[in-house]
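UniProt numbering numbers the first residue of the sequence shown as 1 and each following residue consecutively.
Just so it is clear, CB atoms sit at the ideal spot from N, CA and C, and this is done for glycine as well.
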Amino acid sequence: KANKKCEEARHEKETMVMKYVRGEKESLDLRKEKEGLERRLRDANKEIEKLTNKIKQLSQEKGRLHQLYEAKDGEATRLNREIEKLKEEINSHVIKVKWAQNKLKTEMDSHKETKERLKDAMTKLSEAKEEGDQIRKNCQEMIKSYQESEEIKSNELDAKFRVTKGELEKQIQEKSDNLEVHHAKIKEVEDLKRTFKEGMDELRTLRTKVKCLEDERLRTEDELSKYKEIINRQKSEIQNLLDRVKTVDQLQDQHQRDEQEINALKEEIDGFNSLVADLQKDIEGSRKRESELLLFTEKLTSKNAQLQSENNSLQSQLDKLSYSERELQNQLECVQQTRDDLAIRLQKEEDQRKSEVEALQAQLTSGQEEVSALKTHVDELKDDLATQKRKHAANLKDLTKQLQLARRKLDQMENGNYDKEVSSMGSRSSSSGSLNARSSTEDRSPENTGSAVAVDSFPEVDKAVLVERILRLQKAHARKNEKMEFMEDHIKQLVEEIRKKTKIIQSYILREEAGTLSSEASDFNKVHLSRRGGIMASLYTSHPADSGLTLELSLEINRKLQAVLEDTLLKNITLKENLQTLGTEIERLIKHKHELEQRIKQT
Numbered sequence: 001k002a003n004k005k006c007e008e009a010r011h012e013k014e015t016m017v018m019k020y021v022r023g024e025k026e027s028l029d030l031r032k033e034k035e036g037l038e039r040r041l042r043d044a045n046k047e048i049e050k051l052t053n054k055i056k057q058l059s060q061e062k063g064r065l066h067q068l069y070e071a072k073d074g075e076a077t078r079l080n081r082e083i084e085k086l087k088e089e090i091n092s093h094v095i096k097v098k099w100a101q102n103k104l105k106t107e108m109d110s111h112k113e114t115k116e117r118l119k120d121a122m123t124k125l126s127e128a129k130e131e132g133d134q135i136r137k138n139c140q141e142m143i144k145s146y147q148e149s150e151e152i153k154s155n156e157l158d159a160k161f162r163v164t165k166g167e168l169e170k171q172i173q174e175k176s177d178n179l180e181v182h183h184a185k186i187k188e189v190e191d192l193k194r195t196f197k198e199g200m201d202e203l204r205t206l207r208t209k210v211k212c213l214e215d216e217r218l219r220t221e222d223e224l225s226k227y228k229e230i231i232n233r234q235k236s237e238i239q240n241l242l243d244r245v246k247t248v249d250q251l252q253d254q255h256q257r258d259e260q261e262i263n264a265l266k267e268e269i270d271g272f273n274s275l276v277a278d279l280q281k282d283i284e285g286s287r288k289r290e291s292e293l294l295l296f297t298e299k300l301t302s303k304n305a306q307l308q309s310e311n312n313s314l315q316s317q318l319d320k321l322s323y324s325e326r327e328l329q330n331q332l333e334c335v336q337q338t339r340d341d342l343a344i345r346l347q348k349e350e351d352q353r354k355s356e357v358e359a360l361q362a363q364l365t366s367g368q369e370e371v372s373a374l375k376t377h378v379d380e381l382k383d384d385l386a387t388q389k390r391k392h393a394a395n396l397k398d399l400t401k402q403l404q405l406a407r408r409k410l411d412q413m414e415n416g417n418y419d420k421e422v423s424s425m426g427s428r429s430s431s432s433g434s435l436n437a438r439s440s441t442e443d444r445s446p447e448n449t450g451s452a453v454a455v456d457s458f459p460e461v462d463k464a465v466l467v468e469r470i471l472r473l474q475k476a477h478a479r480k481n482e483k484m485e486f487m488e489d490h491i492k493q494l495v496e497e498i499r500k501k502t503k504i505i506q507s508y509i510l511r512e513e514a515g516t517l518s519s520e521a522s523d524f525n526k527v528h529l530s531r532r533g534g535i536m537a538s539l540y541t542s543h544p545a546d547s548g549l550t551l552e553l554s555l556e557i558n559r560k561l562q563a564v565l566e567d568t569l570l571k572n573i574t575l576k577e578n579l580q581t582l583g584t585e586i587e588r589l590i591k592h593k594h595e596l597e598q599r600i601k602q603t
């Protein structure tokens with residue numbers, strides 16, 4: 001029995017030794033497998049590092065491409081800013097269009113260079129894209145192969161782990177002595193599990209990195225599509241700029257023509273303003289001197305009337321009365337002729353003004369019709385705005401320019417007519433002043449007749465008294481003759497000054513166009529009347545040519561001329577009001593045109 005027990009113990013010992021040897025063998029195998037797994041993990045880490053390096057290179061290339069795209073985007077924004085600057089310069093300074101054209105040519109050259117650069121960048125992007133696709137395929141294949149190998153190994157390890165675990169549990173149950181060995185093996189198995197989990201975590205991180213790379217590739221493709229769209233937009237904007245440059249050339253030619261016309265009109269206006277200022281100064285000075293001369297001539301005429309009443313008391317009054325009647329009849333005929341001429345001239349001026357107003361109204365109605373036609377045209381052709389905007393703007397600009405030119409011409413004509421009327425008033429007032437110098441002689445002629453009748457009615461007076469009175473009268477007459485000579489010299493000097501002023505005024509008037517002041521028939525009539533003598537001769541020659549011109553008659557003539565002048569001024573005022581209404585209507589049309597342009601731009 002003891003031998004049996006010893007044999008059984010030996011047998012059990014041998015079996016335990018065999019199991020122990022098998023366990024050690026399995027542990028060695030597991031260590032070898034662990035070392036193989038560690039080697040594979042190291043290789044996988046190396047491959048991962050290689051992939052990360054490649055990813056870094058790709059990210060660097062992506063950053064470089066992004067910088068290139070940002071540079072292109074900056075160039076595109078710079079081009080847009082330059083385009084906006086060109087728009088502002090076209091609106092404010094049309095003169096700088098040539099400079100803008102040269103700059104645009106340089107920009108076109110630079111844009112060609114950018115196109116070439118973009119082509120190079122596109123080729124590089126396509127190459128980078130192909131490389132990224134190749135790398136992605138390689139990574140996917142490596143990941144698939146690694147996953148398959150790891151799954152196979154994990155399955156084998158799980159199976160082996162289960163087998164070893166079962167055997168260990170059996171060994172624990174069978175032998176409690178070998179617990180320490182089994183604990184060590186369990187620890188080794190747990191270490192293997194940890195390494196396996198770490199490998200799985202690294203695989204997950206690699207998968208996430210691959211996904212990130214794919215997302216970045218998609219983003220780069222989206223950015224490429226966006227940049228392509230930006231390039232297409234830039235091409236369309238460049239085409240629009242070329243079209244705008246053509247329109248700018250047309251506008252520049254029109255602007256140069258308008259500036260030439262404006263400069264010519266400004267020169268004419270400056271000349272007219274200088275003439276008006278000189279004439280106003282001369283007229284004011286002549287009016288002051290005229291008032292002084294009128295006062296002086298009134299005094300002289302009163303004194304001359306007294307002397308003539310005393311000298312002409314012995315002459316026959318019947319001859320004077322008959323002569324004065326004939327002269328008055330001639331003067332009345334002349335005054336009637338002048339009145340008819342003035343009425344004809346006023347009628348002509350009224351007809352001329354009416355025709356001008358009708359022409360302006362016709363122009364305004366035509367402008368309104370054209371504006372309405374343009375409105376309907378804009379409403380009908382909204383689909384063709386890209387081509388019709390320029391035509392519409394050009395038509396509206398032509399209309400506004402025509403209306404402004406018409407308004408300026410009307411203002412110039414109104415200023416010219418007013419200056420002519422002021423100059424005619426000055427000449428007439430000077431002639432009326434010369435008429436007043438001879439006016440009081442007729443006023444004193446009835447007193448002369450009365451004194452002669454009184455002398456004839458007293459025949460009984462002593463002759464000595466008459467002789468003494470005659471001597472006194474002769475002495476007084478001599479003194480008064482001396483005074484008259486002095487006054488005549490003074491009057492001659494004043495008349496010469498008035499003639500100088502009239503010559504100056506006539507020289508300013510003669511600068512006007514021929515036929516604007518009066519017709520040839522009226523000039524011949526004036527020459528004929530000045531040769532015949534009378535009241536009208538004194539009016540037209542600016543010096544007293546007839547003694548029959550009285551103060552009352554001259555005042556009546558002045559009143560009638562004043563009435564005619566007031567009528568003409570009223571007509572001019574009405575014409576000015578009409579022109580102002582036309583100006584307001586033109587401004588309204590211009591505002592309406594600007595509103596239409598703004599609406600067109602908004603649409």
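Taking just the CA atoms, how far does K235 sit from K119?
Residue numbering aside, residue 119 sits at position 119 when the sequence shown is read from its first letter. Residue numbering aside, residue 235 sits at position 235 when the sequence shown is read from its first letter. Near 15 Å, if we compare the C-alpha coordinates of K235 and K119.
Measuring straight from C-alpha to C-alpha, what distance separates E577 and L570?
To locate residue 577, count along the sequence shown from 1; it is residue 577. To locate residue 570, count along the sequence shown from 1; it is residue 570. If I take the Cα positions, the gap works out to 10 Å.
Short check: CB of L332 to CB of V564, under 8 Å?
To locate residue 332, count along the sequence shown from 1; it is residue 332. To locate residue 564, count along the sequence shown from 1; it is residue 564. For L332 and V564, no; Cβs fall outside 8 Å.
Test: E595 CB closer than 8 Å to a CB of chain D:
In the structure shown, chain D does not exist; there is a single protein chain.
DSSP three-state assignment for T550, whether helix, strand or coil
On the sequence shown, position 550 is the one that residue 550 refers to. Correct three-state label for T550: coil.
I344 burial status per 10 Å Cβ neighbour count (16 or more: buried)
Position 344 of the sequence shown, counting from 1, holds the residue named residue 344. When all chains shown are included, I344 counts as exposed.
Since I believe I573 is in contact with V335 (beta carbons under 8 Å), could you give me their beta-carbon distance rounded to a whole number of angstroms?
Residue 335 sits at position 335 when you count from the first residue of the sequence shown. Residue 573 sits at position 573 when you count from the first residue of the sequence shown. That pair is no contact at about 28 Å.
From E24 to K197, what distance separates their C-alpha atoms?
Reading the sequence shown from its first residue, position 24 is the one you call residue 24. Reading the sequence shown from its first residue, position 197 is the one you call residue 197. Distance between the alpha carbons of E24 and K197: 25 Å.
Span separating the alpha-carbon of E12 from that of E38
In the sequence shown, the residue the question calls residue 12 occupies position 12. In the sequence shown, the residue the question calls residue 38 occupies position 38. Between E12 and E38, the C-alpha separation is close to 38 Å.
Residue of R219, E82 and K19 minimising C-alpha distance to H66:
Residue mapping note: residue 66 aligns to position 66 of the sequence shown, counting from 1. Of the listed residues, the one whose Cα sits closest to H66 is R219.
If you draw a straight line from the C-alpha of G36 to the C-alpha of D201, how long is it?
Taking the sequence shown and counting its residues from 1, one reaches residue 36 at position 36. Taking the sequence shown and counting its residues from 1, one reaches residue 201 at position 201. Going by the C-alpha atoms only, they are around 19 Å apart.
Between the C-alpha atoms of E190 and E141, what's the straight-line distance to the nearest angstrom?
Locating residue 190 in the sequence shown gives position 190, where the first residue counts as 1. Locating residue 141 in the sequence shown gives position 141, where the first residue counts as 1. The straight-line gap from Cα to Cα measures roughly 31 Å.
Beta-carbon proximity list for E8, same chain, < 8 Å, skipping 5 on both sides
By one-based count along the sequence shown, residue 8 stands at place 8. Nothing listed; no residue qualifies.
From K54 to K34, what does the alpha carbon distance come to, in whole angstroms?
To locate residue 54, count along the sequence shown from 1; it is residue 54. To locate residue 34, count along the sequence shown from 1; it is residue 34. The straight-line gap from Cα to Cα measures roughly 30 Å.
Between residue 634 and the rest of its own chain, which residues show a CB-CB distance below 8 Å, the 5 nearest in sequence each way excluded?
Because the chain spans 1 through 603 in this model, residue 634 falls outside it and cannot be assessed.
According to DSSP, is V422 helix, strand or coil?
Stepping through the sequence shown from its first residue, residue 422 is reached at position 422. Since pLDDT at V422 reaches only 41, below the 50 mark, its modelled position is unreliable, and no value is offered.
Around the Cβ of K123, are there at least 16 other Cβ atoms within 10 angstroms (buried) or fewer (exposed)?
Your numbering for residue 123 matches position 123 in the sequence shown. Checking the sequence shown, residue 123 turns out to be Thr, not Lys. That one is exposed.
Cβ-based neighbour list, G63, same chain, cut-off 7 Å, excluding 5 preceding and 5 following
The sequence position of residue 63 within the sequence shown is 63, counting from 1. Closer than 7 Å at Cβ, skipping near neighbours: no residue.
Shortest alpha-carbon distance to L342 belongs to which of F486, E369 and T568?
As a first step, residue 342 must be located in the sequence shown, where it is residue number 342. Taking only the C-alpha atoms, the option nearest L342 is T568.
Count the other CB atoms within 10 Å of the CB of T77; is the residue buried (16 or more) or exposed (fewer)?
Within the sequence shown, numbered from 1, the residue matching residue 77 stands at position 77. Under this definition T77 is an exposed residue.
For L494, the nearest candidate out of L295, K72 and V163 (CA to CA):
The count along the sequence shown starts at 1 and reaches residue 494 at position 494. Considering only alpha carbons, the answer is L295.
So the candidates are M487, D351, I590 and S27; which of them puts its Cα closest to the Cα of K187?
Locating residue 187 in the sequence shown gives position 187, counting from the first residue. Comparing Cα-Cα distances from K187 to each of M487, D351, I590 and S27, the minimum goes to S27.
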